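With positions in the sequence shown counted from 1, the corresponding number in our numbering is that position plus 318. Even glycine gets a Cβ: it sits at the ideal position worked out from N, Cα and C. Please read all numbers here as calculations on a predicted model, not as lab measurements.
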Amino acid sequence: MRAEDEAAESAAVEPVVETDQAAAGAPDDVATDDLATDEAKAADVAEPSTASADDTVSLDKGDRKSRPVAKGASLKKPGRADESVAGTKGRPAAKAAAAPGARSGFLTWRKVAAVATVAVVFAVLAVVLAFKPGAKTESNDAFLDAAATSELKAQAGERMCTVLGVDPVKFDDWAARAKAALTGEYINEFNEYLQANRDLATQTGQGAECKVDLIGISNMDDTRANVIGTFVLSNTQQGVAVLGTPNLARVDVGLQKVDGQWLISRISDF
Numbered sequence: 319m320r321a322e323d324e325a326a327e328s329a330a331v332e333p334v335v336e337t338d339q340a341a342a343g344a345p346d347d348v349a350t351d352d353l354a355t356d357e358a359k360a361a362d363v364a365e366p367s368t369a370s371a372d373d374t375v376s377l378d379k380g381d382r383k384s385r386p387v388a389k390g391a392s393l394k395k396p397g398r399a400d401e402s403v404a405g406t407k408g409r410p411a412a413k414a415a416a417a418p419g420a421r422s423g424f425l426t427w428r429k430v431a432a433v434a435t436v437a438v439v440f441a442v443l444a445v446v447l448a449f450k451p452g453a454k455t456e457s458n459d460a461f462l463d464a465a466a467t468s469e470l471k472a473q474a475g476e477r478m479c480t481v482l483g484v485d486p487v488k489f490d491d492w493a494a495r496a497k498a499a500l501t502g503e504y505i506n507e508f509n510e511y512l513q514a515n516r517d518l519a520t521q522t523g524q525g526a527e528c529k530v531d532l533i534g535i536s537n538m539d540d541t542r543a544n545v546i547g548t549f550v551l552s553n554t555q556q557g558v559a560v561l562g563t564p565n566l567a568r569v570d571v572g573l574q575k576v577d578g579q580w581l582i583s584r585i586s587d588f
């Protein structure tokens with residue numbers, strides 16, 4: 319009887335031991351399951367990041383693919399900007415190098431033109447003097463004596479305007495002043511046309527006001543001179559100026575010094 323009770327107690331104790339052992343082994347299994355669950359979650363978490371990384375890479379590639387289109391739209395070739403900059407920098411240097419030559423060439427041609435102009439002027443004066451009887455070219459004080467030259471130009475202009483400035487209102491006074499500005503044979507020529515000029519001035523009442531425009535001396539010595547001048551003649555009516563276009567008189571004048579005064583000995587068109 320006692321043996322049966324001990325057997326029953328031992329049987330009752332063994333399940334408890336097994337249960338305890340099972341309970342002791344359960345934590346290992348639970349830990350293993352928890353570890354597997356954590357790894358699965360980590361894998362799940364890693365997959366979205368990978369996917370996002372893939373998405374990021376795909377977006378980046380899309381951007382890179384769009385860049386060539388922008389470059390094509392600019393229509394600029396590589397190296398063109400460098401070439402344009404280099405060309406722009408090179409141009410001023412070329413111009414600067416060409417500037418001294420151009421300036422010297424300009425000055426050279428200007429000198430040539432000036433010399434040619436002077437040569438033409440002297441050629442014209444030589445031709446004029448060659449056909450004027452009594453003209454002298456051996457000496458020319460006009461290029462040597464500035465004071466005498468200025469005096470000659472002033473007296474020549476005054477004498478010419480006295481003759482050309484006809485006054486129809488005071489015709490006799492004008493005729494007396496004009497005759498006093500003449501000398502030699504030219505006085506006789508003036509007297510020859512004096513009556514015709516008087517009649518014209520009386521009938522029409524027309525006269526002229528004279529102003530000196532330009533006077534140049536072609537030759538001058540102690541007693542004779544040749545002057546080329548341009549004079550502006552404005553029309554008058556009964557001594558009053560009339561609106562209108564003035565006339566230019568270009569004349570070649572011969573002068574002779576008499577008692578220290580230059581008087582007109584000849585007038586001819588020029």
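Asked	Found
Nearest-angstrom beta carbon gap, Thr501 and Val576 [assumed within contact, 8 Å]	5 Å
Spatial neighbours of Ala460 in its chain, beta-carbon cut-off 6 Å, leaving aside the 5 residues before and after	Thr467, Ile535, Met538
Length of the line joining the Cα atoms of Phe489 and Ala519	8 Å
For Gly483, the three-state DSSP class (helix, strand or coil)	coil
Burial state of Val545, where buried means 16 or more other Cβ atoms lie within 10 Å	buried
Status (buried if at least 16 other CB within 10 Å, exposed otherwise) for Tyr595	For residue 595 there is no data in the structure shown, the boundaries of the chain being 319 and 588.
Collapsed DSSP secondary structure at Gly292 in the structure displayed	Residue 292 cannot be examined here, being either before or after the span of the chain that is shown, 319 to 588.
Extent of the continuous beta strand (DSSP E) to which Phe549 belongs	542 to 555
Closest by C-alpha distance to Asn506, when choosing among Ser583, Asp587, Phe588	Ser583
Residues that DSSP places opposite Gly589 in a beta bridge	As shown, the chain starts at 319 and ends at 588. That puts residue 589 outside it, with no answer to give.
Contact set for Arg477: own chain, Cβ-Cβ below 6 Å, skip 5 residues either direction	Ala499, Ile582
Beta-carbon contacts of Gln579 that lie in its chain and below 8 Å, excluding the five residues immediately before and after	Gln473
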